[in-house]
Amino acid sequence: MARDNLSIVLAERPTTDIIPGQTFTQKTSPAPTPADLQDGQILVETLYLSLDPAMRGWLRDMRSYLPPVQIGETMRGSCACRVLASKSKQAKEGDIVSALTGWTEFAILPEGRFEPASLYPGLQDPKDMLSALGMTSLTAWVGMSKIADPKPGELVVVSGAAGATGSVAGQIAKLKGARVVGIAGGDDKCKWLTEELGFDVALNYKADDFKEKFAEATKDFIDVYYDNVGGDILDMCLMRAKEHARFIECGLVSQYNAAKPQGPRAFSQIVTMRIRMQGFIVLDHVKDFPAARAELAQWIAEGKLKKTETVVRGGLKVAEQALVDLYKGINTGKLIVEIKNHNETPSKL
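With full-length UniProt numbering as the guide, the letters of the sequence shown map in order to residues 1 to 349.
The structure is reproduced here in structure tokens:
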């Protein structure tokens with residue numbers, strides 16, 4: 001009897017918040033089998049699904065760095081997968097690979113559409129493909145090491161500092177010798193940033209005295225701002241920028257669900273303080289991935305870089321609600337949905 005393959009597909013484009021049971025719908029179809037493989041292809045089962053703030057942008061029908069997910073199409077997403085069958089020389093049955101398989105339990109992938117575990121130095125856990133050595137950590141490395149390039153003693157501010165990218169970006173800045181101020185939503189997250197990750201200061205943007213504490217923490221003014229949120233906090237950082245400050249625009253999570261996203265109100269500061277504000281997409285830096293992963297793996301092995309994940313269990317059916325919760329800030333570090341634990345017996349198709 002053929003096994004079913006559950007996929008989550010886009011049902012309608014949200015204008016503001018993602019609505020569970022309305023934005024996406026479940027689709028069941030026969031699972032692919034080894035008999036369906038052609039030369040150079042592999043059959044995989046999804047083990048872990050990465051949830052990322054950028055996903056909200058993929059639902060908009062507008063020009064971007066990737067084409068939008070189409071209505072009726074499987075939701076895009078990076079996954080760590082196990083190879084169930086192979087006609088490729090790049091992976092064999094039982095191997096762990098990473099791929100942009102999307103929100104589906106099983107998939108057939110051609111060569112060039114997956115990355116073998118050999119590209120992830122020091123890999124200890126398949127989830128590391130999505131977190132410690134995955135796209136969010138690569139984004140932190142590119143944005144902080146290559147673009148911001150903080151110098152010893154400089155003041156670096158990181159917003160969204162308890163998230164997957166911000167937590168790594170702040171740690172990298174510390175490794176470069178900078179003084180790091182993190183901004184996060186909640187006292188527990190701030191305590192984690194200072195006590196576990198070594199941030200010099202962590203500020204709860206939800207606190208009543210946030211503005212006063214922010215002014216005190218940036219009394220020497222900001223050399224580098226690593227922006228993951230946009231909105232009011234971006235404006236505050238513009239007002240506290242040092243001359244020739246570098247603003248690294250990585251994400252705008254506070255604006256992703258807004259019908260009319262808020263632009264910078266303190267825009268004149270870019271002129272008067274001669275600020276360099278630069279956006280970037282990590283996919284433009286693929287050639288740097290081997291060096292980035294090697295350095296990240298070395299830092300982790302030496303205990304200089306700490307990884308943290310929030311893992312949501314319950315399979316693919318919980319992914320939609322978990323994505324909604326991502327924008328509410330439920331996660332500390334990388335948010336991952338466990339589709340199937342890698343220690344479980346491989347599926348038979």
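No residue lacks a Cβ here, since even glycine has one placed at the ideal position from N, Cα and C.
Only a predicted model underlies this, so the values are computations on that prediction, with no experimental measurement involved.
Item                                                                                                                                                                         : Value
Strictly by DSSP, which residues pair up with K334?                                                                                                                          : E309
Assuming E83 and G94 are in contact, meaning their beta carbons sit under 8 Å apart, how far apart are those beta carbons, in whole angstroms?                               : One point to set straight first is that residue 83 is Val, not Glu, in the sequence displayed. Going by Cβ atoms, the distance from V83 to G94 rounds to 6 Å, so yes, they are a contact pair.
Measure the C-alpha to C-alpha separation of R293 and A266 and round it to an integer number of angstroms.                                                                   : 36 Å
Taking the beta strand (DSSP E) that K179 falls in, what are its first and last residues?                                                                                    : For the record, residue 179 in the displayed sequence is Arg; it is not Lys. Where R179 is concerned, the enclosing beta strand (DSSP E) stretches over R179 to A184.
Since I believe A184 is in contact with A202 (beta carbons under 8 Å), could you give me their beta-carbon distance rounded to a whole number of angstroms?                  : 6 Å
What are the uninterrupted segments assigned as beta strand (DSSP E) that are 3 or more residues long and contained completely in the stretch 242-299, given in chain order? : 276-279
Only counting runs of 3 or more residues, tell me where the beta strand (DSSP E) segments fall wholly within the stretch 33-76, in order along the chain.                    : 41-51
Nearest to P14 by alpha carbon, out of Q41, D4 and L59?                                                                                                                      : L59
What residues match up with Y226 in a beta bridge as DSSP calls it?                                                                                                          : V158 and I248
For M62, count neighbouring Cβ atoms within 10 angstroms of its own Cβ and tell me buried if that reaches 16, exposed if not.                                                : exposed
For I18, which of helix, strand or coil comes out of DSSP?                                                                                                                   : coil
Would you kindly check if the distance between the Cβ of G134 and the Cβ of S88 is under 8 Å?                                                                                : no
V201 bridges to which residues according to DSSP?                                                                                                                            : V181
By alpha-carbon positions, which one of A217, V156, M273 and A162 ends up nearest to K328?                                                                                   : A162
Report the partner residues of S167 according to the DSSP bridge assignment.                                                                                                 : In DSSP, S167 forms no bridge with anything.
Please report the distance separating the alpha-carbon of F199 from that of V156.                                                                                            : 10 Å
What is the DSSP secondary structure of T194, reduced to helix, strand or coil?                                                                                              : helix
Taking 8 Å as the threshold, find out whether the stretch 239-253 comes into contact with the stretch 137-156 through three or more Cβ pairs.                                : yes
For S118, name the three-state secondary structure that DSSP assigns.                                                                                                        : helix
I need the DSSP call for S86, collapsed to helix, strand or coil.                                                                                                            : strand
Starting from V97 and walking both ways along the beta strand (DSSP E), at which residues does that stretch end?                                                             : I96 to A99
Name the two residues that bound the continuous alpha helix (DSSP H) containing I233.                                                                                        : G231 to M239
Is the CB-CB distance between T101 and V142 below 8 Å?                                                                                                                       : no
Suppose you measure from the CA of V271 to the CA of S159; what does that come to, to the nearest Å?                                                                         : 22 Å
Taking the C-alpha atoms as reference points, what is the distance between K317 and R113?                                                                                    : 24 Å
Return the chain-ordered list of same chain residues with a C-beta closer than 6 Å to the C-beta of V168, the five sequence neighbours on each side being excluded.          : S137 and A140
Which same chain residues, not among the five before or five after A107, have their C-beta less than 8 Å away from its C-beta?                                               : P32, L43, V44, T46, C81, A99 and T101
Specify the secondary structure class of K219 as computed by DSSP and reduced to three states.                                                                               : coil
Report yes if the C-beta distance between I336 and E295 is below 8 Å; otherwise report no.                                                                                   : no
D4 by DSSP, collapsed to three states: which one?                                                                                                                            : strand
So L6 and Q26 are in contact, right, with Cβ under 8 Å, and what is the actual spacing, rounded?                                                                             : 6 Å
Check for me: the beta strand (DSSP E) holding L109 runs from which residue to which?                                                                                        : F106 to P110
Assuming contact is defined by CB atoms lying nearer than 8 Å, are E154 and K306 in contact in what I supplied?                                                              : no
Buried or exposed: which applies to L323, given that a residue is buried once 16 or more other Cβ atoms fall within 10 Å of its Cβ?                                          : buried
Can you give me the C-alpha to C-alpha distance between Y225 and A241, rounded to a whole angstrom?                                                                          : 8 Å
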